[in-house]
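A short write-up of the structure that comes next.
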Amino acid sequence: MTEISSETRFLHAIEMGLGAWQWGDRVMWSYGETHTDKDIREAFDVSLSQGLRFIDTAEVYGSGRSERLLGKFLKETEQPVLIATKFFPWPWRFNKGFIPRALKASLERIGVESVDLYQIHWSSPLLSPETMMEGMLECVKQGLTRTVGISNFSQTQMLRAYSRLAQHGIPLASNQVHYSLLNRTVEKNGLLARCKELGIRLIAYSPLEKGVLTGKYSPQNPPRGVRGGTYASVLPKISPLIKLMTEIGQDHGGKTNGQVALNWLICKGTLPIPGAKNAAQALDNAGGAGWKLTEEEVGKLDEMADRIQK
Ligand SMILES: NC(=O)c1ccc[n+]([C@@H]2O[C@H](COP(=O)([O-])OP(=O)(O)OC[C@H]3O[C@@H](n4cnc5c(N)ncnc54)[C@H](OP(=O)(O)O)[C@@H]3O)[C@@H](O)[C@H]2O)c1
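Residue 312, in my numbering, is where the sequence shown stops; the numbers in between run on with no holes.
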């Protein structure tokens, strides 16, 4: 286990964050129909009041609207917020110079001089991990970001990014990947273990499996839009897992299914960043932190998750 570097220690101290894809996105999240700017603002306020102050956005969320909303909220709060955003490797962004340029545009939208974490949103066949890290090093050099992260990088790509940064004495802070009770790929393919070994924080996205792990969706009541298709084959099988989560939640004083799903990720040593469309969801999600499932409960959840995925 590599010692965690002083630059990235703050990330390891964060138990949970707040995802901001919902802020302005109409295609996946029906922004404007299911939630408004007022709802989002309330979700932001509730999260901060509950001690969640790590916000994950991206330049592509709502085509910049998520970053602009974050900027607006930041101006209106006294509370300290930790900001993470992302670079999207569009095919026309063919050299490392696009990375600091994109970050400057993000900073402009958010209205800050630097962010706490700048992440490459996806790997790309057009820019190697090494080239991408050269661009990220430029961002660090110019004081535009405190730390460097990646997202959706395989173990091989991650090791290449890690090594290139290490040549310059800069730690790789995080890899943000899909991880939940219904998607345990990173546990099974060794990525999670490798992150722990190298002191890289694994940030777990879609930790509630886009709402499915709260137990509110069923084959009769599927999520709207694109999500309905994605989860069509999972929903008929999920009820034994939801039942177990409910039982375990009851043994912890009435924790909700979503809170159990989030706590399971915390127990796995990762940082979940659930999205929330309103204050009620944000409050519920915040209750996923600040306590711990027992090892036995984690084991039971693992076993059930495996069983329903067969
Ligand atoms: N790096 C990447 O490629 C990547 C990819 C995906 C996500 N992310 C990041 O990860 C964050 C979280 O992932 P996600 O947004 O995909 O999914 P998620 O956090 O698994 O699910 C969020 C959705 O679940 C529902 N929900 C949330 N809390 C709830 C609660 N307490 N009770 C009932 N329903 C609740 C809401 O949708 P409904 O009310 O409509 O059901 C909400 O929009 C994103 O916001 C983003 O920051 C990153």
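For every residue, glycine included, the Cβ atom is placed at its ideal position computed from N, Cα and C.
Item to complete: Give the DSSP-derived three-state secondary structure of Pro274 in the structure shown.
Response: strand
Worksheet item: Any Cβ of chain B within less than 8 Å of the Cβ of Glu61?
Response: Any reference to chain B falls outside this structure, which holds one protein chain only.
Item to complete: Could you spell out the range, first to last residue, of the alpha helix (DSSP H) harbouring Ile2?
Response: Nothing can be reported for residue 2: it is not among the residues displayed for the chain, which extend from 3 to 312.
Discussion item. Quick check on Asn265: buried or exposed, where buried means 16 or more other Cβ atoms within 10 Å of its Cβ?
Written reply: buried
Worksheet item: Tell me which same chain residues have a C-beta within less than 6 Å of the C-beta of Arg20, skipping the five on either side of it?
Response: For clarity, residue 20 is Leu in the given sequence; the question names Arg instead. The residues are Ser49, Leu54, Ile57.
Worksheet item: Around the C-beta of Phe155, are 16 or more other C-beta atoms found within 10 angstroms, so that it is buried, or is it exposed?
Response: buried
Practice prompt. Keeping to the same chain, check which residues put their C-beta closer than 7 Å to that of Pro82; ignore five residues upstream and five downstream.
Written response: Arg55
Discussion item. If contact is defined by three or more beta carbon pairs under 8 Å, each pair taking one atom from either stretch, is the region 66 to 86 in contact with the region 296 to 304?
Written reply: no
Worksheet item: With 16 as the cutoff for other CB atoms within 10 Å, does Pro221 come out buried or exposed?
Response: exposed
Worksheet item: How about the region 245 to 254 and the region 225 to 236: do they share at least three Cβ pairs that are nearer than 8 Å?
Response: no
Worksheet item: Any residues whose CB sits closer than 6 Å to a heavy atom of ligand 1? List them in chain order?
Response: Gly21, Ala22, Trp23, Gln24, Trp31, Thr36, Asp58, His123, Ser153, Asn154, Gln178, Tyr207, Ser208, Pro209, Leu210, Glu211, Lys212, Gly213, Thr216, Lys218, Pro225, Gly260, Ile275, Pro276, Gly277, Ala278, Lys279, Gln283, Asp286, Asn287
Item to complete: Assign Asp27 to one of three DSSP states: helix, strand, or coil.
Response: coil
Worksheet item: Helix or strand or just coil, what does DSSP make of Ile172?
Response: coil
Item to complete: Tell me, to the nearest whole angstrom, how far the beta carbon of Ile112 is from that of Gly73; I am working on the premise that it is less than 8 Å.
Response: 4 Å
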